[in-house]
Amino acid sequence: MSFGKNKSKQMNNILSFFKHLSYGLLVAVMVLCLHVNTALAHRPHDVISQIEISPTYSKDKTLFIIVRSNLFKSTNGGESWKRIVKGLDNQFDLNSLLILRSNKNLFVSSSGDGIYKSDDEGESWKKTNQGLENLDISLLAVPTDEANLVLAAGRKKGLYKTKDGGNNWYSVFRNNTKITAIAFSPQNINFLVIGDDKGNLYLSKDSGETWEPRGTIANAGSITAIAFYVQSPSDNTLLVATEKKGVLKSNNLATSFSEINRSLADKNIRDLEIGTDKTQKPVLWVSTADEGVFQSKDGGNSWQKYSQGLTKDSQADDVKSPHFTDMEISPAFSQDKTLFVGGFNGLFKSTNGGEKWQELETLAKGTITALAVSPNYEKDGTIAIVTYVGNTYISKDKGATWTNMNRGLEIPRITENFQTPHQDPRRFFDLDFSPNYGEDANIYATILWDQFLKSNNRGENWDIVRIPHIQGYATRGINIVPSPNIASDKTVYLATQYGIIYKSTDQGNHFFSISKIENPRINEALALVISPDFSSDKTLYASGLKGVYKSVDAGQSWQAVTETNFLNKPGRIQLAISPHYKTDRTVIAGTEDGVVMTTDAGKTWFELSGIYGNHAYIEGLAISPNYQSDRTFFISVKGRGLFKTIDGGKTFTKIGNDGISLATMNSVPSAGKPIALSPAYASDKTIFGFGSSTTEVYKSTDGGNTWQIITLPKNENTQYDMGTTISLWLYVYRLRILKFSVAIIAGLASYVILGYLGLDKILPLSKLQIKIFGSVIILVAVLILPYR
Numbered sequence: 005m006s007f008g009k010n011k012s013k014q015m016n017n018i019l020s021f022f023k024h025l026s027y028g029l030l031v032a033v034m035v036l037c038l039h040v041n042t043a044l045a046h047r048p049h050d051v052i053s054q055i056e057i058s059p060t061y062s063k064d065k066t067l068f069i070i071v072r073s074n075l076f077k078s079t080n081g082g083e084s085w086k087r088i089v090k091g092l093d094n095q096f097d098l099n100s101l102l103i104l105r106s107n108k109n110l111f112v113s114s115s116g117d118g119i120y121k122s123d124d125e126g127e128s129w130k131k132t133n134q135g136l137e138n139l140d141i142s143l144l145a146v147p148t149d150e151a152n153l154v155l156a157a158g159r160k161k162g163l164y165k166t167k168d169g170g171n172n173w174y175s176v177f178r179n180n181t182k183i184t185a186i187a188f189s190p191q192n193i194n195f196l197v198i199g200d201d202k203g204n205l206y207l208s209k210d211s212g213e214t215w216e217p218r219g220t221i222a223n224a225g226s227i228t229a230i231a232f233y234v235q236s237p238s239d240n241t242l243l244v245a246t247e248k249k250g251v252l253k254s255n256n257l258a259t260s261f262s263e264i265n266r267s268l269a270d271k272n273i274r275d276l277e278i279g280t281d282k283t284q285k286p287v288l289w290v291s292t293a294d295e296g297v298f299q300s301k302d303g304g305n306s307w308q309k310y311s312q313g314l315t316k317d318s319q320a321d322d323v324k325s326p327h328f329t330d331m332e333i334s335p336a337f338s339q340d341k342t343l344f345v346g347g348f349n350g351l352f353k354s355t356n357g358g359e360k361w362q363e364l365e366t367l368a369k370g371t372i373t374a375l376a377v378s379p380n381y382e383k384d385g386t387i388a389i390v391t392y393v394g395n396t397y398i399s400k401d402k403g404a405t406w407t408n409m410n411r412g413l414e415i416p417r418i419t420e421n422f423q424t425p426h427q428d429p430r431r432f433f434d435l436d437f438s439p440n441y442g443e444d445a446n447i448y449a450t451i452l453w454d455q456f457l458k459s460n461n462r463g464e465n466w467d468i469v470r471i472p473h474i475q476g477y478a479t480r481g482i483n484i485v486p487s488p489n490i491a492s493d494k495t496v497y498l499a500t501q502y503g504i505i506y507k508s509t510d511q512g513n514h515f516f517s518i519s520k521i522e523n524p525r526i527n528e529a530l531a532l533v534i535s536p537d538f539s540s541d542k543t544l545y546a547s548g549l550k551g552v553y554k555s556v557d558a559g560q561s562w563q564a565v566t567e568t569n570f571l572n573k574p575g576r577i578q579l580a581i582s583p584h585y586k587t588d589r590t591v592i593a594g595t596e597d598g599v600v601m602t603t604d605a606g607k608t609w610f611e612l613s614g615i616y617g618n619h620a621y622i623e624g625l626a627i628s629p630n631y632q633s634d635r636t637f638f639i640s641v642k643g644r645g646l647f648k649t650i651d652g653g654k655t656f657t658k659i660g661n662d663g664i665s666l667a668t669m670n671s672v673p674s675a676g677k678p679i680a681l682s683p684a685y686a687s688d689k690t691i692f693g694f695g696s697s698t699t700e701v702y703k704s705t706d707g708g709n710t711w712q713i714i715t716l717p718k719n720e721n722t723q724y725d726m727g728t729t730i731s732l733w734l735y736v737y738r739l740r741i742l743k744f745s746v747a748i749i750a751g752l753a754s755y756v757i758l759g760y761l762g763l764d765k766i767l768p769l770s771k772l773q774i775k776i777f778g779s780v781i782i783l784v785a786v787l788i789l790p791y792r
């Protein structure tokens, strides 16, 4: 009897041990799995191509950058930025920026629009192309103290000169070569040297009027920068930076060269600058494509790397882009020790002479990419926005206050793991309310890749819907168009930038592809609008390769309806359909070259003219909900401002503030419509818009004549509370939890079953031992086998 009790006690101890071991294993698994670290790498999307610093930077802290063809200005040393838009109506990318040290006038060139000039420190711009035979200008240069003499090089060939500050240009170099570097002598503006993409150098002794060939640097690739290295009044030493051979020195104005690359680990030089130290001795700086920044204090005889804090991104290698490009030195460097360097991964600043670099935010994560107004705005006062990366906001008091609505959109729910992603995957692309929002409380959003997001409780929580992948086409750039009859037909359409049309008939819970529109492979959203009378006419319009397409069978098939020159070309098209389409048959298209319109359901199209000017790049388009009565719609024209018509497009009036632009940020992927009218516009005259370089919403309550700027606070909180952490853990590890639960159940079941099999009669083990060891084996087997 005592032996039986001791044996039972021993077995109970064994069972207790296994029980506590199981608890310990469970806790250990949770601790090991629960690595909730949301620190993210910098996004590789604010590629800096040009930096220009104020000649009085030590006082005004002003600098300019070109970031993905957007012109930004900072007056606090790069801590914050303002997007410059007034007068910049360019259809092509901006690429070269120049500030005159004598009067702070600026020039900027583009790859097809020519040259713009600003005489108010960059706040506004005007074209100055008189005499240019080629409007594809890639490089600008000016002597240090000259206000009127500027040289401009074509991207493919040609060199132009102005002697009157850009009012008139004329050709001074017609060789069939691409000029890639220009340098004026600081001692004599008559002396200047240019280099080309073949390693050739040319010298002018008459301010660029005539040229003579000098040396050629064989196998050097492009000449990327040239500088006069002056140490005495008679010194004509040149430093030449190249793409393949590093830095070379010439003591005889480019007739012979010697390499000065000792300790220079990367010979692909992107920029070359000369500063001074505190004793006013010259100091050389170079930026290289891969390694960052190097300094030489001995005229290039030796170099030291100064790249602590500079970061790179592998995507630069994928697209064969340099990691680092332009560099600028503060004019007061000997006192403030300030340098800037730009590149693929952003803008970097050093205030200690290059010893350490700090990354500056330029294209802000908080840049708004889409905005939507509730269909019940008059009653609920609700508007919502999404930003470039990571955040959604909602206001229920007409924009007075805002709350974040990110529950359900935590990063692990997108990536389905707790590993820190290289990039935050929440790149919001589009946003819309259900037309039946007052009843179904649905808000819809998309991120750039693969995901449709749905909230059925006014943004309190989100569900993530995976969009099925079509082989050969990336599910990228997803535009949202819900049916106006969603209460009855439950239909939501999605359109990708590659022309794939998806449809849901259960309010966005599931999607299936239904058709494809011919679409150019450009980084722009596909425009899609739906007829207000969709329940009966089944009509949609979309943009595509041949302009505007139309479907009259609910998106199953499409027919191109524009063959005219102003629509039949690649480029972004924005569409707006009349709220009274059933009777007026009106659709409006905003293009990169003006506004066109149909009033017969797409059979014929005509171009609208007006004071907004020729070759107008339409960045925003919105039509009045009461169009049948007020004949009102709005267009936002790049560089020219906001225009309004109240007669159906016959005439336009300029309204608003030229300093703001209602537009999506150039080269920031977005399907958002930058102008949104209140559904009660007829009575409240309310318009919302976006287009700032920060998280700012524009609001007008007088039909667009004046605007209020609503600034939203930054939301950088990536820490999860305990409840969210537990729910994320359960979501991410749901399969593992299921397998562990099945293993426990199988183990317990086997413990019971093995007691009835009589195995103790054929095995040298007791019944209890068989039950314990057998159940453990079954538990382990279930845990291990599914992972094989």
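Take 5 as the starting number for the sequence shown in the working numbering and just add one per residue.
Ideal Cβ positions, reconstructed from N, Cα and C, are used throughout, including at glycine.
Unbroken alpha helix (DSSP H) run spanning residue i, endpoints
i, result
"M726", "726-736"
"V780", "771-788"
"I490", "490-493"
"G442", "441-444"
Nearest to residue i (by Cα), restricted to the options the options
i, options, result
"G250", "A269, I713, F515", "A269"
"N527", "I482, K65, Q319", "I482"
"F647", "I627, Q632, W173", "I627"
"S122", "R635, N180, G91, K520", "G91"
"P425", "P416, S260, Y755", "P416"
"G494", "G503, S508, G575", "Here the sequence assigns Lys to residue 494, which means Gly is not the residue at that position. The option with the nearest alpha carbon to K494 is S508."
"A157", "T355, D149, D168, W173", "W173"
"N194", "L205, S211, A558, G296", "S211"
"W85", "N99, I70, A620, Q284", "I70"
"D444", "E332, P486, E365", "P486"
Strand pairing of residue i, partner residues [DSSP]
i, result
"E363", "F352"
"W289", "E277, Q299"
"V234", "Note: V234 sits in no beta bridge, so no partner."
"S519", "I505"
"A245", "A229, V251"
Alpha-carbon spacing of residue i relative to residue j, whole angstroms
i, j, result
"A45", "D428", "Legend: pLDDT at A45 = 42, less than 50; position of this residue unreliable, value from coordinates given subsequently. Using only the alpha carbons, I get a separation of about 8 angstroms."
"D597", "I418", "39 angstroms"
"G162", "D140", "10 angstroms"
"L67", "T79", "7 angstroms"
"S613", "G126", "29 angstroms"
"L143", "A680", "39 angstroms"
"L375", "K677", "7 angstroms"
"F777", "V786", "14 angstroms"
"T479", "S399", "30 angstroms"
"D634", "T655", "13 angstroms"
"G442", "V377", "12 angstroms"
"K542", "K554", "10 angstroms"
"T587", "K130", "43 angstroms"
"G279", "D50", "27 angstroms"
"F638", "F96", "24 angstroms"
Whole-number beta carbon distance between residue j and residue i, since they are thought to touch under 8 angstroms
i, j, result
"S547", "I577", "4 angstroms"
"A675", "A529", "4 angstroms"
"I490", "P536", "Between P536 and I490 the Cβ distance is about 13 angstroms, and since that is not below 8 angstroms, they are no contact."
"Y545", "L498", "Not confirmed; about 16 angstroms, so no contact."
"S754", "I782", "4 angstroms"
"K167", "V176", "Contact doesn't hold; Cβ gap of about 11 angstroms is too wide."
"F337", "S291", "Not really, about 15 angstroms apart at Cβ, beyond 8 angstroms."
Enclosing beta strand (DSSP E) for residue i [first to last residue]
i, result
"S704", "700-704"
"R417", "R417 -> not in any beta strand (DSSP E); alpha helix (DSSP H) instead, spanning 415-419."
"D322", "Premise fails: D322 lies in the alpha helix (DSSP H), 318-322, not in any beta strand (DSSP E)."
"K77", "74-78"
"G347", "343-347"
"G594", "591-595"
"F437", "432-437"
"Y585", "Here Y585 belongs to no beta strand (DSSP E); instead the alpha helix (DSSP H) covers 585-588."
Any non-hydrogen atom of the ligand GDP closer than 7 angstroms to residue i Cβ
i, result
"S291", "Among the ligands in the structure shown, none appear at all, so the ligand GDP cannot be discussed."
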